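Have a look at the structure below, then the notes.
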Amino acid sequence: MTEKLSKQDGILLLKLARENILREFGKENEDYDELKMKVSNLVLEESRGTFVTLHKKGNLRGCIGNIEPVKTVWKGVKENAKHAAFNDSRFSPLSYEELKHTTIEVSILTRPEKLDYTDADELVARLRPDIDGVIIKKQDHSATFLPQVWQQLQEPESFLTQLCMKAGLSSNAWKCGDLSVYTYQVQLFEE
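Note that UniProt numbering gives residue 29 to position 29 of the sequence shown, counting from 1, and the numbers run on in steps of one.
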């Protein structure tokens with residue numbers, strides 16, 4: 001079991017994410033070097049999957065992350081904040097004016113675990129809405145939804161249908177029983 005981050009860790013990560021975006025605009029609220037020095041906590045030095053999600057007036061404005069633990073928590077958050085703001089292909093780059101109306105959300109992921117199932121009914125029954133993030137894979141297609149997406153897609157069937165479409169698969173590909181499915185959980189921090 002991976003150690004949970006403290007509330008203070010979360011506050012620090014949210015500040016780090018915002019500061020890294022501000023730096024791209026040539027502006028800073030806090031002493032960035034001092035902020036980086038505070039990130040010496042051993043938990044933040046562990047490699048974990050991280051996502052940074054931006055919301056503008058309640059609507060998605062960018063979301064980028066790493067599912068696999070390829071970077072330390074602090075480095076993943078720092079880089080994903082920048083990419084969510086400026087490199088999410090679904091949106092134009094964030095403007096400085098928009099940043100004032102944008103809230104940041106940081107998700108720290110557990111390691112994904114394969115979900116074994118025999119058919120579509122068992123797959124639906126084994127998913128835990130509001131708890132599990134879900135990854136689907138089939139050949140060269142893959143996609144994930146963080147657990148927060150359950151708030152918009154509360155029915156497992158709708159959740160899986162939209163996830164298949166996000167992966168570039170047919171909307172009912174989840175009913176065929178040949179998807180590789182993985183689940184993970186997140187520790188969420190929000191501004």
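Every residue, glycine too, gets a C-beta built ideally from N, C-alpha and C.
What you are looking at is a predicted structure, and each value in this text was computed from that prediction instead of being measured.
Out of the options, which one is the CA nearest neighbour of residue i?
{"i": "Leu179", "options": "Pro112, Lys138 and Asp132", "result": "Lys138"}
{"i": "Phe189", "options": "Ala167, Val106, Val149 and Leu163", "result": "Val106"}
{"i": "Gln151", "options": "Cys164, Ile136, Gly168 and Asp132", "result": "Asp132"}
{"i": "Leu160", "options": "Glu122, Gln187 and Asp140", "result": "Glu122"}
{"i": "Ala120", "options": "Ser95, Glu157 and Thr102", "result": "Glu157"}
{"i": "Ser171", "options": "Gln187, Pro93 and His141", "result": "His141"}
{"i": "Val77", "options": "Gly168, Glu3 and Arg18", "result": "Arg18"}
{"i": "Phe25", "options": "Leu54, Lys100, Val186 and Arg90", "result": "Lys100"}
{"i": "Thr102", "options": "Glu191, Glu155, Val149 and Glu3", "result": "Glu191"}
Which residues share a DSSP beta bridge with residue i?
{"i": "His101", "result": "Partner(s): none; His101 has no beta bridge."}
{"i": "Ala85", "result": "Ala85 is not bridged to any residue."}
{"i": "Thr161", "result": "The partner list for Thr161 (beta bridge, DSSP) is empty, contrary to what the question assumes."}
{"i": "Lys114", "result": "Tyr182"}
{"i": "Asn59", "result": "Lys56"}
{"i": "Lys137", "result": "Ser142 and Ser180"}
{"i": "Gln187", "result": "Ile108"}
{"i": "Ser47", "result": "Thr72"}
{"i": "Gly65", "result": "Phe51"}
Alpha carbon to alpha carbon, how far is residue i from residue j?
{"i": "Thr183", "j": "Ile135", "result": "6 Å"}
{"i": "Lys56", "j": "Ile11", "result": "19 Å"}
{"i": "Thr118", "j": "Ala173", "result": "14 Å"}
{"i": "Gly49", "j": "Asn87", "result": "18 Å"}
{"i": "Leu14", "j": "Gln8", "result": "10 Å"}
{"i": "Arg111", "j": "Val52", "result": "17 Å"}
{"i": "residue 192", "j": "Cys176", "result": "As displayed, the chain neither begins before 1 nor continues past 191, which places residue 192 out of reach and without an answer."}
{"i": "Pro147", "j": "Glu97", "result": "29 Å"}
{"i": "Leu115", "j": "Arg126", "result": "8 Å"}
{"i": "Ile67", "j": "Leu109", "result": "7 Å"}
Closest Cβ-Cβ distance between residue i and chain D: below 8 Å?
{"i": "Tyr96", "result": "You won't find chain D in this structure, because it holds only one protein chain."}
Using a Cβ-Cβ cutoff of less than 8 Å, which residues in the same chain neighbour residue i once the five nearest sequence positions on both sides are dropped?
{"i": "Phe145", "result": "Gly133, Val134, Leu153, Phe159, Gln162, Leu163 and Lys166"}
{"i": "Gln185", "result": "Leu109, Thr110, Ile131, Asp132, Gly133 and Pro147"}
Return the chain-ordered list of same chain residues with a C-beta closer than 6 Å to the C-beta of residue i, the five sequence neighbours on each side being excluded.
{"i": "Thr72", "result": "Glu45 and Ser47"}
{"i": "Ile64", "result": "Asn80, His83, Ala84 and Asp88"}
Using 7 Å as the cut-off, classify the Cβ of residue i as near or not near the heavy atoms of the ligand ATP, replying yes or no.
{"i": "Glu122", "result": "Ligands in the displayed structure: none, and consequently the ligand ATP is not present."}
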